[in-house]
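Visitor: Quick note on the numbering used here: the sequence shown kicks off at 10 and runs consecutively.
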Amino acid sequence: MTGSLSSQDPQKIYSFTHLQQFPVAITTAMSLNQALVDWRQDAISHVILVVIFLALLSLLAISFIRQIHRRRMRVEEELRYAQRELRKLNQSLEHWRAVMTSPACIIAAISIWPLPMSSTVR
């Protein structure tokens, strides 16, 4: 039960109990501020721990984000290099295809390689 005796008194918490052996009731009163001191200290210490935990978690997240960004930049550079090399190889293949399909190359290939001989000529 809570209340105060007058409007100027701090709010108090009242408790009472009846003793079984004697015809007596015991009452106690404690100010609300006094009763909540331990709770407030626990709450403040928990808030401080949560803030520290969140700060460490934020630092870890920032570190991971930076690491991911560095890896992404490195992989993108590797991909650009691979793309340049692939284009060079493609250009080389296009050049050789043009050379190999030219009439002069075909005639030279025919003259170098003998045609397979068939057993019957008709």
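C-beta: ideal position from N, C-alpha, C; glycine also.
1. By the three-class DSSP mapping on this structure, what secondary structure does residue 31 have?
2. Strictly by DSSP, which residues pair up with residue 25?
3. Which residues bound the alpha helix (DSSP H) around residue 1?
4. According to DSSP, simplified to helix, strand and coil, what is residue 19?
5. Measure the Cβ-Cβ separation of residue 34 and residue 21 and say whether it is below 8 angstroms.
Guide: By the coordinates alone:
1. If DSSP states are grouped into helix, strand and coil, residue 31 belongs with coil.
2. Looking at the DSSP assignment, residue 25 forms a beta bridge with 36.
3. What the structure shows of the chain is the stretch from 10 to 131, and residue 1 is not part of that stretch, so it cannot be assessed.
4. In this structure, residue 19 counts as coil in the three-state DSSP scheme.
5. Cβ atoms of residue 34 and residue 21: not closer than 8 angstroms.
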